[in-house]
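K.L.:
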Amino acid sequence: MGGAALEQRVERAAEAALAKQRYVSAVDVLVGLGWLAPTHLDEWRQGRVPCLERVVQASLPKLSTAMRAFRRWAGRRGLVPSETGYVARTRDRRPLRFSVSGASEIERAYRTHWVSPELSVAKRERLAERQGRPPDLVVISPLKDWTCTTCSGTGDLLIMQDVGPVCLRCAALDHLVFLPSGDAGLTRRAHRTSELSAVVVRFSRSRKRYERQGLLVESAALAQAEQSRPGTDERAVGVHAPARGDPRATPGRPS
Ligand SMILES: [Zn+2]
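What the sequence shown shows, in numbering that gives the first Met the number 0, is residues 0 to 254, in sequence order.
(1) Apart from the five residues on each side of it in sequence, which residues of its chain come closer than 7 angstroms, Cβ to Cβ, to K207?
(2) What whole-angstrom Cβ distance do A4 and W34 have, given they're in contact under 8 angstroms?
(3) Note the first and the last residue of the continuous beta strand (DSSP E) segment covering Q212.
(4) Per DSSP, which residues does T263 bridge with? Please list them.
(5) Run the CB neighbour count on P133, radius 10 Å, all protein chains shown included, and call it buried at 16 or more, exposed below.
(6) What do you get for L142, buried or exposed, if any count of 16 or more other CB atoms within 10 angstroms of its CB means buried?
(7) Of the residues M159, L195, V120, L51, which one's Cα is nearest the Cα of Q45?
(8) So, for A73: in the same chain, excluding its five sequence neighbours on each side, which residues have a beta-carbon less than 6 angstroms away from its beta-carbon?
(9) By Cβ distance below 7 angstroms, which residues in the same chain neighbour A224 in space, the five residues on each side in sequence not counted?
(10) Can you have a look at P164 and say buried or exposed, based on whether 16 or more other CB atoms are within 10 angstroms of its CB?
(11) Taking all protein chains shown into account, decide if E117 is buried (16 or more other Cβ within 10 angstroms of its Cβ) or exposed.
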């Protein structure tokens, strides 16, 4: 592909992301170019790949050409740079690494989001605050047998750490209870109250995506959320999404 054609593709991907969310990140462009599969992006966020460039399907020279084109485009469009923290959805919340080299200026370029100048300063600040917030921890319901890197045990759920997959006991998350997806109100209330929580995901082979199964929350937070259920307001009772099963149940062992 010629440089001009690539530049055009970069601009199209960037414009699409900007129109949709009023800011663009390098990750948006890579996904838009079709170089970064959503599954790989998920795995990177889950701390399962050493750096993003490892899972981008383009050569490093082509990638840096595209990233240069992206920055030129952002400059021409008068977008406002906003450095954004990317941390892994792991217990240690380590910073996510983008580049193979790890060079600080390359990392910064990847981390920089370009924000529409049409947004007011207050809105830009809110956006930056929201994006800088650490993401929820993510716990995986594995499809295959696995072994805890720390205790050599196993379990229905695992969390990725620096050393590899770790069981919830070793990660000090085994006091949390599982609340299956389905009751949006209950989930929201429990999430808000629980000091520690983690999203449980499972890979769907047919849809080739990690899908949310539910939330791990502190049992006290769940009890409180259940008590404050707005039972008198009929509209608030989940007509479209009734709660499934026992909220305290652990997801079944994958078949
Ligand atoms: Zn363990």
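Glycine included, each C-beta is placed from N, C-alpha and C at the ideal position.
P.N.:
A quick look at the data gives this:
(1) Taking the sequence shown and counting its residues from 1, one reaches residue 207 at position 208. Within the same chain, and ignoring the five residues on either side of K207 in sequence, the residues whose Cβ sits closer than 7 angstroms to its Cβ are T38.
(2) Translated into the one-based positions of the sequence shown, residue 4 becomes position 5. Translated into the one-based positions of the sequence shown, residue 34 becomes position 35. At roughly 14 angstroms, the Cβ-Cβ gap does not stay under 8 angstroms, so A4 and W34 are not in contact.
(3) Residue numbering aside, residue 212 sits at position 213 when the sequence shown is read from its first letter. 208-217 is the extent of the beta strand (DSSP E) around Q212.
(4) Because the chain in this structure spans residues 0 to 254, residue 263 falls outside the shown range and cannot be described.
(5) As a position in the sequence shown, residue 133 is number 134, starting the count at 1. So P133 ends up on the exposed side.
(6) Along the sequence shown, read from residue 1 onward, the residue named residue 142 stands at position 143. With fewer than 16 Cβ atoms within 10 Å of its Cβ, L142 is classed as exposed.
(7) The residue you call residue 45 lines up with position 46 of the sequence shown. Of the listed residues, the one whose Cα sits closest to Q45 is M159.
(8) As a working mapping, residue 73 is identified with position 74 in the sequence shown. Answer for A73: W113, listed in chain order.
(9) Start at 1 with the first residue of the sequence shown, and residue 224 comes out as number 225. Same-chain partners within the cutoff: L185, R188, A189, T192.
(10) Position 165 of the sequence shown, counted from the first residue, corresponds to residue 164. Residue burial annotation: P164 is buried, with at least 16 other C-beta atoms found within 10 angstroms of its C-beta.
(11) For the purposes of this step, residue 117 is taken as residue 118 along the sequence shown, with counting starting at 1. With fewer than 16 Cβ atoms within 10 Å of its Cβ, E117 is classed as exposed.
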